[in-house]
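Chemist:
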Amino acid sequence: MGKTTHNTLAAERRKARHYGMQALYQWMMAGAALSDIEAEFRAEYDFSHVDLEYFQALLHGVPGQVEELEAVFEPLLDRSLKELDPIERTLLRMGVFELKDRIDVPYKVVINEEVALAKKFGASESHKYINGVLDKAARQLRKAETGT
1 MGKTTHNTLA
11 AERRKARHYG
21 MQALYQWMMA
31 GAALSDIEAE
41 FRAEYDFSHV
51 DLEYFQALLH
61 GVPGQVEELE
71 AVFEPLLDRS
81 LKELDPIERT
91 LLRMGVFELK
101 DRIDVPYKVV
111 INEEVALAKK
121 FGASESHKYI
131 NGVLDKAARQ
141 LRKAETGT
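Reading the sequence shown from the start, the letters are residues 1 to 148 in the UniProt record's numbering.
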């Protein structure tokens, strides 16, 4: 894969994660049907430079595994799930989903992308929290890759 193609894919996945986080947050807060949320996002935003498959994988994959995903990161928290900020909870769900189900994506990329979203959408220090929890989750889920 050429550098331009790689950079294009990275940018398209970054946008997919951005919209995925917003859509999953909306699902968590409003409880709307995933198909309705997807239709709304595709109508409202320009998806011409978005990895649509990745967006759909996040939007439809995370909700079906919420309990399993939270079971991975809950023991790594310093507070209860209920005390987590909804943005943090959404990002941790997404990050653990990617660490678990998208082994084609290096764990460092997953962590960096979720941290970037936390900086953009989360509370002032949430990016540090997301980084720490996902780093610990990566050590469990990607032992061969992390060398642990």
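For each residue, glycine too, the CB sits at the ideal point set by N, CA and C.
1. Am I right that Leu9 and Asp51 are in contact with their C-beta atoms under 8 Å? What's the rounded C-beta distance?
2. Quick one: measure Cβ to Cβ for residue 153 and Met94, integer angstroms, because I've assumed they're closer than 8 Å.
3. Grab the span of the alpha helix (DSSP H) containing Arg42 for me, first residue to last.
4. Cβ of Val133 within 7 Å of Cβ of Phe73?
5. Report back the beta-carbon spacing between Phe55 and Ala16 to the nearest angstrom; my notes put them in contact at under 8 Å.
6. Given a cut-off of 7 Å, decide if Leu99 and Thr137 are closer than it, judged by their beta-carbon atoms.
7. Taking the continuous alpha helix (DSSP H) assigned at Ile103, which residues delimit it?
8. Expressed to the nearest angstrom, what Euclidean distance is found between the alpha-carbon atoms of Lys128 and Ala43?
9. Which residue comes first and which comes last in the alpha helix (DSSP H) that contains Ser126?
10. For residue 151 and Lys143, I'd like the C-alpha separation in whole angstroms.
11. To the nearest angstrom, how far is it from the Cα of Gln26 to the Cα of Thr146?
12. Looking at Ser126 and Glu88, is the spacing between their C-beta atoms short of 7 Å?
Modeler: In brief:
1. Your numbering for residue 9 matches position 9 in the sequence shown. Your numbering for residue 51 matches position 51 in the sequence shown. Going by Cβ atoms, the distance from Leu9 to Asp51 rounds to 7 Å, so yes, they are a contact pair.
2. Not covered by the structure: residue 153. The range shown for the chain is 1 to 148.
3. Here the question's residue 42 lines up with position 42 in the sequence shown. Run containing Arg42: 34-44, per the alpha helix (DSSP H) assignment.
4. The sequence position of residue 133 within the sequence shown is 133, counting from 1. The sequence position of residue 73 within the sequence shown is 73, counting from 1. It is a contact, given that the beta carbons lie within the stated cut-off.
5. Counting from 1 along the sequence shown, the entry for residue 55 is found at position 55. Counting from 1 along the sequence shown, the entry for residue 16 is found at position 16. About 4 Å separates the two Cβ atoms, so the contact holds.
6. Translated into the one-based positions of the sequence shown, residue 137 becomes position 137. Translated into the one-based positions of the sequence shown, residue 99 becomes position 99. Reading the sequence as shown, one finds Ala at residue 137 and not Thr. Against a cut-off of 7 Å, the Cβ pair of Leu99 and Ala137 comes out as a contact.
7. Here residue 103 corresponds to residue number 103 of the sequence shown, with the count starting at 1. Counting along the chain, Ile103 falls outside any alpha helix (DSSP H), and DSSP gives it neither H nor E.
8. As a first step, residue 128 is located in the sequence shown; it is residue number 128 there, counting from the start. As a first step, residue 43 is located in the sequence shown; it is residue number 43 there, counting from the start. Computed Cα separation, rounded: 34 Å.
9. Taking the sequence shown and counting its residues from 1, the one referred to as residue 126 is at position 126. Note, Ser126: alpha helix (DSSP H), 126-141.
10. The requested residue 151 is not part of the displayed model; the chain covers only 1 to 148.
11. Taking the first residue of the sequence shown as 1, we reach residue 26 at position 26. Taking the first residue of the sequence shown as 1, we reach residue 146 at position 146. The alpha-carbon atoms of Gln26 and Thr146 are separated by roughly 32 Å.
12. Sequence index remark: in the sequence shown, residue 88 carries index 88 (1-based). Sequence index remark: in the sequence shown, residue 126 carries index 126 (1-based). Yes, Cβ-Cβ distance for Glu88 and Ser126 is below 7 Å.
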